[in-house]
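Chemist: Before I ask anything, let me first share the structure, which is written out below as C-alpha coordinates.
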(Lines of atoms letter the chains of each structure in order from A and count residues from 1; the text may use other names and numbers.)
(Lines give C-alpha, C1' and ligand atoms only; values in the text may rest on other atoms or scores of the structure.)
Protein backbone atom coordinates (compact mmCIF):
# COMPACT_ATOMS: atom_id res chain seq x y z
CA UNK A 1 0.00 0.00 0.00
CA UNK A 2 1.36 3.41 -0.97
CA UNK A 3 1.48 6.39 1.40
CA UNK A 4 -1.54 8.67 1.27
CA UNK A 5 -2.96 11.78 2.88
CA UNK A 6 -6.30 11.68 4.68
CA UNK A 7 -8.55 14.66 5.43
CA UNK A 8 -11.93 14.85 7.15
CA UNK A 9 -14.88 16.45 5.39
CA UNK A 10 -17.49 18.36 7.41
CA UNK A 11 -20.21 18.70 4.77
CA UNK A 12 -21.14 17.11 1.44
CA UNK A 13 -20.11 20.32 -0.30
CA UNK A 14 -16.67 20.38 1.36
CA UNK A 15 -16.23 16.66 0.58
CA UNK A 16 -16.90 17.24 -3.10
CA UNK A 17 -14.67 20.33 -3.08
CA UNK A 18 -11.81 18.44 -1.41
CA UNK A 19 -11.89 15.49 -3.79
CA UNK A 20 -12.24 17.78 -6.80
CA UNK A 21 -8.82 19.30 -6.15
CA UNK A 22 -6.87 16.09 -6.83
CA UNK A 23 -7.32 13.51 -9.59
CA UNK A 24 -6.39 10.49 -7.50
CA UNK A 25 -8.45 11.42 -4.41
CA UNK A 26 -11.20 9.07 -3.22
CA UNK A 27 -13.96 9.12 -0.62
CA UNK A 28 -13.73 6.70 2.29
CA UNK A 29 -16.39 5.73 4.85
CA UNK A 30 -16.49 2.18 6.27
CA UNK A 31 -13.62 1.16 4.00
CA UNK A 32 -14.65 -2.51 3.95
CA UNK A 33 -13.88 -2.79 0.23
CA UNK A 34 -11.62 0.18 -0.51
CA UNK A 35 -9.00 -0.78 2.09
CA UNK A 36 -8.79 -4.28 0.57
CA UNK A 37 -8.27 -2.74 -2.86
CA UNK A 38 -5.56 -0.46 -1.50
CA UNK A 39 -3.76 -3.38 0.14
CA UNK A 40 -3.70 -5.15 -3.22
CA UNK A 41 -2.54 -1.94 -4.99
CA UNK A 42 -5.63 -2.09 -7.18
CA UNK A 43 -6.64 1.30 -5.81
CA UNK A 44 -3.80 3.73 -5.04
CA UNK A 45 -5.20 7.16 -4.09
CA UNK A 46 -2.88 9.95 -3.02
CA UNK A 47 -5.61 11.38 -0.83
CA UNK A 48 -8.60 9.96 1.04
CA UNK A 49 -11.50 12.21 1.98
CA UNK A 50 -13.08 10.82 5.16
CA UNK A 51 -16.84 11.40 4.97
CA UNK A 52 -17.86 9.57 8.16
CA UNK A 53 -18.75 12.82 9.96
CA UNK A 54 -21.30 13.91 7.36
CA UNK A 55 -24.97 14.03 8.33
CA UNK A 56 -25.93 11.25 5.93
CA UNK A 57 -26.90 8.46 8.33
CA UNK A 58 -30.64 9.04 8.76
CA UNK A 59 -33.52 6.76 7.82
CA UNK A 60 -36.51 9.02 7.22
CA UNK A 61 -40.03 8.01 6.24
CA UNK A 62 -41.40 10.84 4.13
CA UNK A 63 -44.56 11.28 2.10
CA UNK A 64 -44.68 8.40 -0.37
CA UNK A 65 -41.14 7.18 0.19
CA UNK A 66 -38.31 6.35 2.58
CA UNK A 67 -34.97 8.15 2.40
CA UNK A 68 -31.86 6.30 3.57
CA UNK A 69 -28.62 8.23 4.01
CA UNK A 70 -25.59 6.94 2.15
CA UNK A 71 -23.65 6.60 5.43
CA UNK A 72 -26.31 4.52 7.18
CA UNK A 73 -24.69 1.24 8.20
CA UNK A 74 -25.92 -1.97 6.58
CA UNK A 75 -26.76 -3.35 10.02
CA UNK A 76 -28.65 -0.17 10.97
CA UNK A 77 -30.92 -0.47 7.92
CA UNK A 78 -31.37 -4.25 8.20
CA UNK A 79 -32.40 -3.99 11.85
CA UNK A 80 -34.63 -0.92 11.57
CA UNK A 81 -38.15 -1.86 12.71
CA UNK A 82 -39.93 0.33 10.16
CA UNK A 83 -37.75 -0.97 7.29
CA UNK A 84 -38.60 -4.54 8.31
CA UNK A 85 -42.30 -3.68 8.25
CA UNK A 86 -42.48 -1.54 5.11
CA UNK A 87 -39.55 -2.87 3.04
CA UNK A 88 -38.76 -6.35 4.37
CA UNK A 89 -37.13 -7.33 1.09
CA UNK A 90 -34.33 -4.83 1.71
CA UNK A 91 -33.83 -6.04 5.28
CA UNK A 92 -33.63 -9.67 4.13
CA UNK A 93 -31.07 -8.90 1.43
CA UNK A 94 -28.88 -6.89 3.80
CA UNK A 95 -29.00 -9.62 6.44
CA UNK A 96 -27.73 -12.11 3.84
CA UNK A 97 -24.64 -10.02 3.03
CA UNK A 98 -21.12 -10.48 4.40
CA UNK A 99 -20.69 -11.08 8.15
CA UNK A 100 -22.28 -9.33 11.11
CA UNK A 101 -19.02 -7.51 11.84
CA UNK A 102 -18.72 -6.20 8.29
CA UNK A 103 -22.38 -5.13 8.24
CA UNK A 104 -21.66 -3.00 11.31
CA UNK A 105 -18.94 -1.15 9.34
CA UNK A 106 -20.21 -1.16 5.76
CA UNK A 107 -22.38 1.72 4.57
CA UNK A 108 -25.23 1.83 2.08
CA UNK A 109 -23.24 4.01 -0.33
CA UNK A 110 -20.16 1.83 0.01
CA UNK A 111 -22.20 -1.30 -0.62
CA UNK A 112 -23.36 0.19 -3.90
CA UNK A 113 -19.81 1.05 -4.93
CA UNK A 114 -18.08 -2.19 -4.00
CA UNK A 115 -16.16 -3.73 -6.85
CA UNK A 116 -16.30 -7.24 -8.24
CA UNK A 117 -14.78 -10.14 -6.32
CA UNK A 118 -13.60 -11.85 -9.53
CA UNK A 119 -10.32 -13.60 -8.70
CA UNK A 120 -8.66 -12.22 -11.84
CA UNK A 121 -9.49 -8.68 -10.77
CA UNK A 122 -7.79 -9.22 -7.41
CA UNK A 123 -4.74 -11.06 -8.78
CA UNK A 124 -2.46 -8.39 -10.22
CA UNK A 125 -0.37 -11.05 -11.97
CA UNK A 126 -3.32 -11.99 -14.18
CA UNK A 127 -4.96 -10.09 -17.07
CA UNK A 128 -8.11 -8.14 -16.23
CA UNK A 129 -9.70 -5.45 -18.40
CA UNK A 130 -11.52 -4.06 -15.38
CA UNK A 131 -8.25 -3.49 -13.50
CA UNK A 132 -6.00 -2.74 -16.50
CA UNK A 133 -8.01 -1.81 -19.62
CA UNK A 134 -7.03 -3.68 -22.80
CA UNK A 135 -5.05 -6.33 -20.86
CA UNK A 136 -7.57 -9.12 -21.52
CA UNK A 137 -10.10 -11.08 -19.47
CA UNK A 138 -8.52 -14.03 -17.71
CA UNK A 139 -11.90 -15.44 -16.71
CA UNK A 140 -12.87 -16.10 -20.33
CA UNK A 141 -11.30 -19.49 -20.94
CA UNK A 142 -10.07 -19.56 -17.35
CA UNK A 143 -11.68 -20.25 -13.99
CA UNK A 144 -15.13 -18.72 -14.30
CA UNK A 145 -17.41 -20.53 -11.85
CA UNK A 146 -18.59 -17.25 -10.30
CA UNK A 147 -18.95 -15.41 -13.60
CA UNK A 148 -21.89 -13.81 -15.39
CA UNK A 149 -24.53 -15.46 -17.55
CA UNK A 150 -26.31 -12.22 -18.53
CA UNK A 151 -25.09 -8.97 -20.08
CA UNK A 152 -21.42 -9.97 -20.33
CA UNK A 153 -19.05 -8.98 -23.13
CA UNK A 154 -15.80 -10.11 -24.69
CA UNK A 155 -14.07 -7.67 -22.34
CA UNK A 156 -15.50 -8.86 -19.02
CA UNK A 157 -17.68 -11.58 -17.50
CA UNK A 158 -17.40 -10.46 -13.86
CA UNK A 159 -20.46 -10.11 -11.61
CA UNK A 160 -21.50 -7.44 -9.11
CA UNK A 161 -21.21 -8.87 -5.58
CA UNK A 162 -23.89 -6.95 -3.62
CA UNK A 163 -26.99 -8.50 -2.05
CA UNK A 164 -28.48 -5.15 -1.02
CA UNK A 165 -28.33 -3.81 -4.57
CA UNK A 166 -30.43 -6.69 -5.92
CA UNK A 167 -33.26 -5.69 -3.59
CA UNK A 168 -32.90 -1.97 -4.37
CA UNK A 169 -33.09 -2.70 -8.10
CA UNK A 170 -36.32 -4.64 -7.58
CA UNK A 171 -37.77 -1.89 -5.36
CA UNK A 172 -37.32 0.87 -7.98
CA UNK A 173 -35.01 2.88 -5.75
CA UNK A 174 -33.50 6.22 -6.76
CA UNK A 175 -29.92 7.32 -6.03
CA UNK A 176 -29.31 10.94 -4.99
CA UNK A 177 -25.83 12.31 -5.65
CA UNK A 178 -23.94 15.58 -5.32
CA UNK A 179 -20.92 16.65 -7.34
CA UNK A 180 -19.02 19.58 -8.83
CA UNK A 181 -21.90 20.18 -11.24
CA UNK A 182 -24.57 20.09 -8.53
CA UNK A 183 -27.18 17.57 -7.41
CA UNK A 184 -28.95 14.96 -9.50
CA UNK A 185 -30.96 11.74 -9.25
CA UNK A 186 -30.29 8.37 -10.91
CA UNK A 187 -32.71 5.46 -11.23
CA UNK A 188 -31.16 2.56 -9.37
CA UNK A 189 -31.53 0.25 -12.37
CA UNK A 190 -29.44 2.78 -14.34
CA UNK A 191 -26.80 3.26 -11.66
CA UNK A 192 -24.66 0.18 -12.37
CA UNK A 193 -23.32 -0.50 -15.85
CA UNK A 194 -22.89 -3.55 -18.04
CA UNK A 195 -19.24 -4.05 -19.05
CA UNK A 196 -19.41 -3.47 -22.81
CA UNK A 197 -15.93 -2.44 -23.94
CA UNK A 198 -15.32 -0.28 -20.83
CA UNK A 199 -15.58 -2.76 -17.92
CA UNK A 200 -13.42 -0.50 -15.75
CA UNK A 201 -16.51 1.73 -15.37
CA UNK A 202 -18.73 0.14 -12.74
CA UNK A 203 -21.46 2.76 -12.57
CA UNK A 204 -22.86 5.96 -14.05
CA UNK A 205 -21.52 8.37 -11.43
CA UNK A 206 -19.83 11.39 -12.94
CA UNK A 207 -16.32 12.31 -11.88
CA UNK A 208 -16.05 13.25 -8.18
CA UNK A 209 -19.75 12.74 -7.42
CA UNK A 210 -20.79 11.71 -3.91
CA UNK A 211 -23.78 9.49 -3.14
CA UNK A 212 -25.84 11.26 -0.47
CA UNK A 213 -28.89 9.01 -0.12
CA UNK A 214 -31.23 6.52 -1.73
CA UNK A 215 -35.02 6.76 -1.88
CA UNK A 216 -37.49 3.90 -2.12
CA UNK A 217 -41.09 4.65 -3.13
CA UNK A 218 -43.89 3.18 -1.04
CA UNK A 219 -45.24 -0.12 -2.34
CA UNK A 220 -47.42 -3.08 -1.39
CA UNK A 221 -44.55 -5.56 -1.13
CA UNK A 222 -44.50 -5.95 2.63
CA UNK A 223 -45.70 -9.53 3.05
CA UNK A 224 -45.11 -11.94 0.17
CA UNK A 225 -41.38 -11.37 -0.28
CA UNK A 226 -38.23 -13.47 -0.14
CA UNK A 227 -34.51 -13.11 -0.77
CA UNK A 228 -32.89 -16.39 -1.75
CA UNK A 229 -29.09 -16.57 -1.76
CA UNK A 230 -27.42 -19.72 -3.07
CA UNK A 231 -23.76 -19.85 -2.03
CA UNK A 232 -20.99 -22.29 -1.24
CA UNK A 233 -21.35 -21.81 2.51
CA UNK A 234 -23.99 -20.14 4.64
CA UNK A 235 -21.69 -17.57 6.23
CA UNK A 236 -19.64 -14.83 4.58
CA UNK A 237 -19.79 -16.02 0.98
CA UNK A 238 -20.85 -14.24 -2.18
CA UNK A 239 -23.84 -15.48 -4.15
CA UNK A 240 -23.48 -18.03 -6.90
CA UNK A 241 -27.03 -17.00 -7.75
CA UNK A 242 -29.45 -14.90 -5.71
CA UNK A 243 -33.09 -14.00 -6.34
CA UNK A 244 -35.22 -11.29 -4.82
CA UNK A 245 -38.93 -11.95 -5.22
CA UNK A 246 -41.81 -9.68 -4.19
CA UNK A 247 -45.47 -10.38 -4.93
CA UNK A 248 -48.68 -8.47 -4.35
CA UNK A 249 -51.25 -11.25 -4.10
CA UNK A 250 -55.01 -10.68 -4.02
CA UNK A 251 -57.32 -13.73 -3.77
CA UNK A 252 -54.54 -16.06 -4.98
CA UNK A 253 -53.93 -13.86 -8.03
CA UNK A 254 -50.72 -11.90 -8.56
CA UNK A 255 -51.60 -8.25 -9.11
CA UNK A 256 -47.96 -7.16 -9.41
CA UNK A 257 -44.49 -8.63 -9.02
CA UNK A 258 -40.86 -7.62 -8.67
CA UNK A 259 -37.97 -9.93 -9.55
CA UNK A 260 -34.22 -9.41 -9.72
CA UNK A 261 -31.15 -11.63 -9.63
CA UNK A 262 -27.65 -11.31 -8.24
CA UNK A 263 -24.48 -13.24 -9.04
CA UNK A 264 -25.42 -13.39 -12.71
CA UNK A 265 -24.37 -10.07 -14.25
CA UNK A 266 -22.11 -7.03 -13.98
CA UNK A 267 -25.08 -5.28 -12.30
CA UNK A 268 -28.19 -6.37 -10.41
CA UNK A 269 -30.28 -8.11 -13.08
CA UNK A 270 -33.93 -7.00 -13.11
CA UNK A 271 -36.36 -9.53 -14.62
CA UNK A 272 -38.96 -7.15 -16.05
CA UNK A 273 -40.31 -9.53 -18.69
CA UNK A 274 -40.98 -12.19 -16.07
CA UNK A 275 -42.61 -9.55 -13.83
CA UNK A 276 -45.03 -8.61 -16.61
CA UNK A 277 -45.81 -12.27 -17.25
CA UNK A 278 -46.74 -12.85 -13.61
CA UNK A 279 -49.30 -10.03 -13.49
CA UNK A 280 -52.84 -11.42 -13.37
CA UNK A 281 -51.65 -15.01 -13.07
CA UNK A 282 -52.83 -17.47 -10.43
CA UNK A 283 -50.25 -18.54 -7.88
CA UNK A 284 -48.95 -21.96 -8.92
CA UNK A 285 -45.73 -23.86 -9.51
CA UNK A 286 -46.54 -23.98 -13.23
CA UNK A 287 -46.85 -20.20 -13.37
CA UNK A 288 -43.57 -19.76 -11.50
CA UNK A 289 -41.75 -22.24 -13.77
CA UNK A 290 -42.99 -20.42 -16.87
CA UNK A 291 -41.83 -17.10 -15.44
CA UNK A 292 -38.43 -18.59 -14.58
CA UNK A 293 -37.94 -19.98 -18.07
CA UNK A 294 -38.86 -16.59 -19.51
CA UNK A 295 -36.38 -14.90 -17.19
CA UNK A 296 -33.52 -17.05 -18.45
CA UNK A 297 -33.86 -15.99 -22.08
CA UNK A 298 -30.48 -14.91 -23.44
CA UNK A 299 -28.44 -16.51 -20.66
CA UNK A 300 -24.97 -17.68 -21.72
CA UNK A 301 -22.43 -19.62 -19.68
CA UNK A 302 -18.66 -19.98 -20.04
CA UNK A 303 -17.77 -23.49 -18.90
CA UNK A 304 -17.25 -23.63 -15.15
CA UNK A 305 -20.48 -21.69 -14.58
CA UNK A 306 -22.68 -23.86 -16.85
CA UNK A 307 -24.53 -25.00 -13.71
CA UNK A 308 -26.02 -21.50 -13.37
CA UNK A 309 -28.24 -22.18 -16.38
CA UNK A 310 -30.00 -24.81 -14.26
CA UNK A 311 -29.55 -23.21 -10.87
CA UNK A 312 -30.94 -19.86 -12.07
CA UNK A 313 -34.49 -20.92 -13.00
CA UNK A 314 -34.71 -23.32 -10.06
CA UNK A 315 -33.76 -20.51 -7.70
CA UNK A 316 -36.40 -18.23 -9.23
CA UNK A 317 -39.10 -20.86 -8.74
CA UNK A 318 -38.01 -21.48 -5.14
CA UNK A 319 -37.92 -17.76 -4.29
CA UNK A 320 -41.37 -17.19 -5.78
CA UNK A 321 -42.77 -20.28 -4.02
CA UNK A 322 -41.47 -19.18 -0.63
CA UNK A 323 -42.63 -15.59 -1.15
CA UNK A 324 -46.14 -16.66 -2.13
CA UNK A 325 -46.50 -18.94 0.90
CA UNK A 326 -46.06 -16.18 3.51
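Residue numbers (our numbering): 854 to 1179. Ideal Cβ positions, reconstructed from N, Cα and C, are used throughout, including at glycine.
How close, in whole Å, do the beta carbons of residue 1085 and residue 918 come, if the pair is a contact with beta carbons under 8 Å?
Modeler: 37 Å between Cβ atoms; not a contact.
Chemist: DSSP puts residue 1095 in a beta bridge; with which residues?
Modeler: According to DSSP, residue 1095 bridges with 1082 and 1115.
Chemist: Okay, do the stretch 968-984 and the stretch 1005-1018 touch, 3+ Cβ pairs below 8 Å being the bar?
Modeler: Touching, yes, given that three or more Cβ pairs across the two stretches are closer than 8 Å.
Chemist: Measure from the alpha carbon of residue 1097 to the alpha carbon of each residue in 1109, 1091, 1115 and 1087, then state which is nearest.
Modeler: With distances taken between Cα atoms, residue 1097 lies closest to 1115.
Chemist: So who's on the other strand from residue 969, going by DSSP bridges?
Modeler: For residue 969, which the question treats as bridged, DSSP gives no partner whatsoever.
Chemist: Looking only at DSSP bridge pairs, what is residue 1103 linked to?
Modeler: 1106.
Chemist: Leaving aside the five residues before and after residue 1067 along the sequence, list all residues of the same chain whose C-beta is less than 6 Å from its C-beta, in chain order.
Modeler: Hits under 6 Å: 921, 1026 and 1028.
Chemist: Is it buried or exposed for residue 1158, if we count other Cβ within 10 angstroms and need 16 for buried?
Modeler: Classification for residue 1158: buried.
Chemist: Among 1080, 1130 and 1104, which residue has its Cα nearest to the Cα of residue 1023?
Modeler: Closest by alpha carbon: 1080.
Chemist: Start and end of the alpha helix (DSSP H) containing residue 1160?
Modeler: It is not in any alpha helix (DSSP H) - residue 1160 carries neither H nor E in the DSSP assignment.
Chemist: Out of curiosity, what's the CA-to-CA distance linking residue 858 and residue 1042?
Modeler: Rounded to whole angstroms, residue 858 to residue 1042 spans 34 Å at the Cα level.
Chemist: My parser needs the alpha helix (DSSP H) runs of 4 or more residues fully inside the stretch 995-1023; what are they?
Modeler: Segments of the alpha helix (DSSP H) lying fully in the stretch 995-1023: 1017-1023.
Chemist: Taking Cβ positions, are residue 1078 and residue 1092 nearer each other than 8 Å?
Modeler: Against a cut-off of 8 Å, the Cβ pair of residue 1092 and residue 1078 comes out as no contact.
Chemist: Would you decide whether residue 1128 is buried or exposed? Buried here means 16 or more other CB atoms lie within 10 Å of its CB.
Modeler: Residue 1128 comes out buried.
Chemist: How long is the line joining the alpha carbons of residue 916 and residue 1037, rounded to whole angstroms?
Modeler: Residue 916 and residue 1037: Cα-Cα distance of roughly 20 Å.
Chemist: Note down the Cα distance separating residue 893 from residue 863, rounded to an integer number of angstroms.
Modeler: Distance between the alpha carbons of residue 893 and residue 863: 29 Å.
Chemist: Okay, do the stretch 901-912 and the stretch 988-999 touch, 3+ Cβ pairs below 8 Å being the bar?
Modeler: Counting Cβ pairs under 8 Å, fewer than three are found: no touch.
Chemist: The alpha helix (DSSP H) spanning residue 1129 covers which residue range?
Modeler: Segment 1125-1131, the alpha helix (DSSP H) holding residue 1129.
Chemist: For residue 1134, which of 942, 887, 1104 and 1069 has the nearest alpha-carbon?
Modeler: Taking only the C-alpha atoms, the option nearest residue 1134 is 1104.
Chemist: By a C-beta neighbour count over all protein chains shown, 10 Å radius and 16 as the cutoff for buried, is residue 1160 buried or exposed?
Modeler: So residue 1160 ends up on the exposed side.
Chemist: Got a sec, what are the start and stop residues for the alpha helix (DSSP H) residue 1141 sits in?
Modeler: Counting along the chain, the alpha helix (DSSP H) containing residue 1141 begins and ends at 1138-1148.
Chemist: Can we say the stretch 873-888 touches the stretch 963-972, given the rule of at least three CB pairs closer than 8 Å?
Modeler: Segments in contact, yes.
Chemist: Residue 869 by DSSP, collapsed to three states: which one?
Modeler: DSSP places residue 869 in helix when its eight states are reduced to three.
Chemist: According to DSSP, simplified to helix, strand and coil, what is residue 1266?
Modeler: Outside the shown range of the chain (854 to 1179) lies residue 1266, about which nothing can therefore be said.
Chemist: Rounded C-beta distance between residue 1180 and residue 995? I'm assuming under 8 Å.
Modeler: Not covered by the structure: residue 1180. The range shown for the chain is 854 to 1179.
Chemist: Could you give the residue range of the alpha helix (DSSP H) that holds residue 1191?
Modeler: Not covered by the structure: residue 1191. The range shown for the chain is 854 to 1179.
Chemist: Please work out which residues of its chain come closer than 7 Å, Cβ to Cβ, to residue 1154, disregarding the five sequence neighbours upstream and downstream, and give them in chain order.
Modeler: The residues are 1002, 1161 and 1162.
Chemist: Suppose you measure from the CA of residue 828 to the CA of residue 1062; what does that come to, to the nearest Å?
Modeler: The structure shown has nothing for residue 828, since the chain only spans 854 to 1179.
Chemist: Roughly how many whole angstroms lie between the Cα atoms of residue 942 and residue 978?
Modeler: So the alpha carbons of these two residues sit roughly 39 Å apart.
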